[in-house]
Amino acid sequence: MDERVLRIIIDAFPQLLLFCVRYTIPITILSFALALTLAVVIALVQYADLKFWRKLCRFYIWIVRGTPLLVQLYLVFYGLPSIGVMIPAIPTAIIVLGLNEAAYMAETVRGALESVSRGQVEAGYCVGLSFWQIMRHVVLPQAFRTAFPALGNSLIGMLKETSLAATITVTEMFRKAQEINGRVYESLALYTEVALIYLLICTLLTWLQRLGEKKLNALGGEKR
Amino acid sequence: MKILEVHGVRKSFDGQEILKGIDLTVEKGDVVAILGPSGSGKTTFLRCVNFLERADAGTLTFDNRTHDLHAITKKEIAGIRQKTAFVFQSYNLFLNKTVLENVMLGLTTGRKIGRNEARERAVRALTRVGMADKLESYPIQLSGGQQQRVAIARGLALDPEIIYFDEPTSALDPELIGEVLNVMRRLAEEGMTMLIVTHEMEFARSVSNHVLFMEDGVIVEQGSSKEFFEHPKQQRTRDFINFILKVRN
Ligand SMILES: Nc1ncnc2c1ncn2[C@@H]1O[C@H](COP(=O)(O)OP(=O)(O)OP(=O)(O)O)[C@@H](O)[C@H]1O
Ligand SMILES: [Mg+2]
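As they're listed, the protein sequences go chains A and B. For the first sequence, our numbering assigns the number 2 to the initial residue and increments by one for each residue that follows. For the second sequence, our numbering assigns the number 3 to the initial residue and increments by one for each residue that follows.
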């Protein structure tokens, strides 16, 4: 490798890392939090069989899962301003990513809720708990444990999806790499570098996910 | 003193009538055995009485207040459940909670009793079923018999006026049945009012004082336990008792 390329890679590294820490990671965390909150609400609505709301949720999931994320981003960022709805780029990225992932995560959470036996819910009623108390103390904690691995995968997926925000002018890590490349024309080196940073973070997250699973299992009285 | 009286309980599933008008009166201290072949509606009856299923018709009198089983409100249900307990065939312990937490949850969260008092009551209940040495265990670390005893303690801690049991030993390995029946026998001796669906004939004969025999959603015969086992009036009852005894031996 010639010295110029090496120089470029080394110079780019702190900048990429800075934009990763400043934008990629916060956008991931915020959109994940939004997705998880919404997913739990959607899943609970379906689990509790609230008639009207349930239909609404199915409709929402149908729309979101049936359209590409990139199209959703464009629609909100470039499309909505023409009817007077203008949301800045970063909030748009957070909201669209969050709303999108929520539709998928809701199914994960719902499956996890369903995996807790209805008998435990009935037992909860019989000892005088309300539906929401049963959810809070019995069903959700167990469902969380079941859903944890899949939620971890969602988080990793979302980290990578934040790179799509580059297309709606958000200068996160990937767009920063594009900008640097615009000056120095070293696509192979720079995009490899940015790919490796994504890979590094995902590896770290996978490792944390494993650790979390172990912790959760130890907590819940796995058979000894 | 009358604790519970139900009248004309009816329930259909998918257009098929499973309960066709069941009546029962339970006095304080009664141990009532509900017997009958599989599919006769025993579980459904018990579930209707504790509102896990909504009956299509019938009345329920508890604490001298009569309710329409079909129209009873959530609030009335909550009120009655404060004074009853239910033991399931499949235990249904909360799997994310320890033995102690299982018994405490209804007290702390359901009844807003302080943690210290709740803990004391839970330990006392667990002592009564011989499970005080497993406070910190999780349900899956226990045998079926132990789980069922914890489930009984979970009900006992609520200080109920009546406990409903739906085949509490049917899911157990034969060698574990005895420990659960012994706990129930002791409760009966202490005067606990119990309504028990069971296939354990010997237990029903020796512990219950009243028997209700049902088939196809109707009561075929009911009366004192002694009368029922020694001089059954109905031919159908005699056949059933003989059949069960034969299967057992
Ligand atoms: N939720 C339900 N939906 C539809 N049918 C049901 C439901 N629950 C019970 N049944 C039907 O009602 C009938 C009576 O069932 P039930 O469980 O009350 O009988 P059982 O006397 O408890 O029998 P077993 O001794 O086998 O426990 C059965 O034919 C059963 O299939
Ligand atoms: Mg049954």
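Where a beta carbon is used, it is the ideal one built from N, C-alpha and C, also for glycine. As the structure is a computational prediction, the values presented were derived from the model and not from experiment.
- Take residue 156 (chain B), set aside five residues on each side of it, and the residues of its chain with a beta-carbon closer than 6 Å to its own are 104, 105, in chain order.
- Residue 22 (chain B) carries a strand assignment under DSSP once its states are collapsed to helix, strand and coil.
- In terms of Cβ geometry, residue 168 (chain B) and residue 89 (chain B) form a close pair [threshold 8 Å].
- In terms of side-chain proximity, the C-beta atom of residue 123 (chain A) is found no nearer than 7 Å to any non-hydrogen atom of ligand 2.
- The stretch 164-211 of chain B is shown to contain whole alpha helix (DSSP H) runs of 4 or more residues at 176-191, 203-209, in chain order.
- Taking one beta carbon from each stretch, the stretch 156-172 of chain A and the stretch 89-109 of chain A have 3 or more pairs nearer than 8 Å; the two touch.
- If you keep only unbroken beta strand (DSSP E) runs of at least 3 residues inside the stretch 123-179 of chain A, you get nothing at all.
- Residue nearest to residue 91 (chain B) within the set B:171, B:15, B:67, B:41 is B:171 (criterion: CA-CA distance).
- Straight-line spacing of the CA atoms in residue 109 (chain A) and residue 239 (chain B) works out to 51 Å.
- Set against 7 Å, the gap from the CB of residue 34 (chain B) to the closest heavy atom of ligand 2 is not smaller.
- Using a Cβ-Cβ cut-off of 9 Å, residue 239 (chain B) is close to nothing in chain A; its nearest Cβ partner there is about 31 Å away.
- Contact annotation: residue 211 (chain B) and residue 32 (chain B) have beta-carbon atoms nearer than 8 Å.
- A contact is defined here as three or more CB-CB pairs under 8 Å, and the stretch 72-79 of chain B fails this definition with respect to the stretch 131-138 of chain B.
- Of B:188, B:83, B:62, the smallest CA-CA separation from residue 127 (chain A) is found for B:83.
- Selection B:36, B:42, B:87, B:18 evaluated against residue 58 (chain B) yields B:18 as nearest (Cα-Cα).
- When secondary structure is reduced to three states using DSSP, residue 12 (chain B) falls in the strand class.
- Going down the chain, each residue whose beta-carbon is closer than 5 Å to a heavy atom of ligand 1 shows up: B:15, B:20, B:40, B:41, B:42, B:43, B:44, B:45, B:46.
- Here residue 99 (chain B) carries a coil assignment [DSSP, helix/strand/coil].
- The CB of residue 142 (chain A) comes closer than 8 Å to the CB of 98 in chain B, given here in chain order.
- Between residue 114 (chain A) and residue 44 (chain A), the gap from beta carbon to beta carbon is short of 8 Å.
- When DSSP states are grouped into helix, strand and coil, residue 157 (chain B) belongs to the helix group.
- Within chain A, not a single residue places a beta-carbon under 7 Å from that of residue 121 (chain B); the smallest gap is close to 16 Å.
- When the Cα atoms are used, residue 169 (chain A) and residue 84 (chain A) turn out to be separated by approximately 18 Å.
- Around the C-beta of residue 59 (chain A), fewer than 16 other C-beta atoms lie within 10 Å, and the residue is accordingly described as exposed.
- In terms of Cβ geometry, residue 215 (chain B) and residue 37 (chain B) form a close pair [threshold 8 Å].
- Leaving aside the five residues that flank residue 78 (chain B) on each side, the residues in its chain whose CB is nearer than 7 Å to its CB run, in chain order, 69.
- Comparing alpha-carbon positions, the option among A:154, A:121, A:144, A:65 lying closest to residue 153 (chain B) turns out to be A:121.
- When only Cα atoms are considered, residue 209 (chain B) and residue 190 (chain B) end up about 7 Å apart.
- Per DSSP, the continuous beta strand (DSSP E) segment holding residue 223 (chain B) begins and ends at 220-226.
- When 8 Å is used as the limit between beta carbons, residue 150 (chain B) is near no residue of chain A, the shortest such separation being about 12 Å.
- Straight through space, the alpha carbons of residue 218 (chain A) and residue 101 (chain B) are spaced by roughly 17 Å.
- Only those residues of the stretch 39-71 of chain A whose C-beta falls short of 8 Å from the nearest C-beta of chain B would be listed, and there are none.
- For residue 128 (chain B), the closest Cβ of chain A is not nearer than 8 Å.
- Proximity of chain B to residue 120 (chain A) at the Cβ level (cut-off 7 Å) is accounted for by 90, 92, 94, in chain order.
- The alpha-carbon separation between residue 118 (chain B) and residue 200 (chain B) amounts to approximately 36 Å.
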